[in-house]
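Following our numbering, the numbering of the sequence shown begins with 592 at its first residue and continues without gaps. All residues carry an ideal CB built from backbone N, CA and C; glycine is no exception. No experiment lies behind these values; they were computed from the predicted model shown.
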Amino acid sequence: MVPARTFFWFDYKPNFRGKSWTLTIKEQRRKIARRLEKSPSLKRELSEMAVESYGDAILSAARETGLDEENFPPEMPWTLADALREDFVPE
592 MVPARTFFWF DYKPNFRGKS WTLTIKEQRR KIARRLEKSP SLKRELSEMA VESYGDAILS
652 AARETGLDEE NFPPEMPWTL ADALREDFVP E
(Lines of atoms letter the chains of each structure in order from A and count residues from 1; the text may use other names and numbers.)
(Lines give C-alpha, C1' and ligand atoms only; values in the text may rest on other atoms or scores of the structure.)
Protein backbone atom coordinates (compact mmCIF):
# COMPACT_ATOMS: atom_id res chain seq x y z
CA MET A 1 0.00 0.00 0.00
CA VAL A 2 1.13 3.54 -0.50
CA PRO A 3 2.86 3.96 2.83
CA ALA A 4 0.92 6.18 5.16
CA ARG A 5 4.22 7.58 6.37
CA THR A 6 4.70 9.11 2.92
CA PHE A 7 1.41 10.94 3.32
CA PHE A 8 2.40 11.98 6.84
CA TRP A 9 5.31 13.89 5.37
CA PHE A 10 2.81 15.96 3.43
CA ASP A 11 0.70 16.62 6.51
CA TYR A 12 3.36 17.03 9.18
CA LYS A 13 6.41 18.19 7.26
CA PRO A 14 4.95 20.49 4.59
CA ASN A 15 8.37 21.79 3.59
CA PHE A 16 9.03 18.29 2.17
CA ARG A 17 6.18 18.54 -0.34
CA GLY A 18 8.59 18.56 -3.20
CA LYS A 19 8.62 16.81 -6.51
CA SER A 20 10.65 13.90 -5.14
CA TRP A 21 7.99 12.93 -2.58
CA THR A 22 5.21 13.33 -5.13
CA LEU A 23 7.09 11.06 -7.52
CA THR A 24 7.69 8.53 -4.75
CA ILE A 25 3.95 8.33 -4.10
CA LYS A 26 3.26 7.88 -7.82
CA GLU A 27 5.90 5.18 -8.06
CA GLN A 28 4.44 3.29 -5.11
CA ARG A 29 0.94 3.47 -6.58
CA ARG A 30 2.20 2.04 -9.89
CA LYS A 31 3.96 -0.80 -8.09
CA ILE A 32 0.74 -1.62 -6.27
CA ALA A 33 -1.23 -1.57 -9.52
CA ARG A 34 1.26 -3.94 -11.17
CA ARG A 35 1.20 -6.28 -8.18
CA LEU A 36 -2.60 -6.35 -8.27
CA GLU A 37 -2.54 -7.09 -12.00
CA LYS A 38 -0.22 -10.05 -11.41
CA SER A 39 -2.16 -11.29 -8.36
CA PRO A 40 -5.79 -10.14 -8.58
CA SER A 41 -6.64 -12.18 -5.48
CA LEU A 42 -4.72 -9.60 -3.42
CA LYS A 43 -7.54 -7.11 -4.01
CA ARG A 44 -9.65 -9.02 -1.50
CA GLU A 45 -6.93 -8.60 1.13
CA LEU A 46 -5.89 -5.02 0.37
CA SER A 47 -8.17 -3.30 2.90
CA GLU A 48 -7.06 -5.61 5.70
CA MET A 49 -3.41 -5.15 4.75
CA ALA A 50 -3.85 -1.36 4.82
CA VAL A 51 -5.37 -1.43 8.30
CA GLU A 52 -2.66 -3.78 9.58
CA SER A 53 0.18 -1.70 8.17
CA TYR A 54 -1.15 1.63 9.42
CA GLY A 55 0.23 1.17 12.95
CA ASP A 56 3.66 0.40 11.53
CA ALA A 57 3.41 3.50 9.36
CA ILE A 58 2.73 5.64 12.44
CA LEU A 59 5.85 4.29 14.15
CA SER A 60 7.93 4.91 11.04
CA ALA A 61 6.53 8.41 10.55
CA ALA A 62 7.13 9.27 14.22
CA ARG A 63 10.73 8.14 13.92
CA GLU A 64 11.33 10.00 10.65
CA THR A 65 9.58 13.24 11.65
CA GLY A 66 10.71 13.33 15.27
CA LEU A 67 7.10 13.70 16.38
CA ASP A 68 5.40 11.61 19.07
CA GLU A 69 3.09 8.80 17.95
CA GLU A 70 0.17 10.61 19.57
CA ASN A 71 0.47 13.39 16.97
CA PHE A 72 -0.85 11.05 14.29
CA PRO A 73 -4.47 9.95 13.85
CA PRO A 74 -5.14 6.57 15.51
CA GLU A 75 -6.95 5.38 12.36
CA MET A 76 -6.08 5.93 8.72
CA PRO A 77 -7.50 9.36 7.85
CA TRP A 78 -7.96 8.52 4.16
CA THR A 79 -9.91 5.82 2.45
CA LEU A 80 -7.94 3.14 0.69
CA ALA A 81 -9.59 4.18 -2.57
CA ASP A 82 -8.35 7.76 -2.05
CA ALA A 83 -4.83 6.64 -1.16
CA LEU A 84 -4.60 4.68 -4.40
CA ARG A 85 -6.07 7.39 -6.64
CA GLU A 86 -3.51 8.92 -9.00
CA ASP A 87 -4.60 12.48 -8.20
CA PHE A 88 -4.93 12.19 -4.41
CA VAL A 89 -2.53 14.09 -2.20
CA PRO A 90 -3.50 14.89 1.40
CA GLU A 91 -4.13 18.54 2.16
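*Would you mind reading off the limits of the alpha helix (DSSP H) that contains glycine 646?*
637–656
*Let me know the secondary structure DSSP gives threonine 670 once reduced to three states.*
coil
*asked:* Which of the three DSSP states is assigned to proline 664 in this structure?
replied: Coil at proline 664, not helix or strand.
_Per-residue DSSP class, three states only, for arginine 620_ = Look at arginine 620 here: in three-state DSSP terms it is helix.
*For aspartate 647, which of Glu666, Pro631, Gln619, Ile623 has the nearest alpha-carbon?*
Glu666
*With DSSP run on the structure shown, which of helix, strand or coil describes serine 630?*
coil
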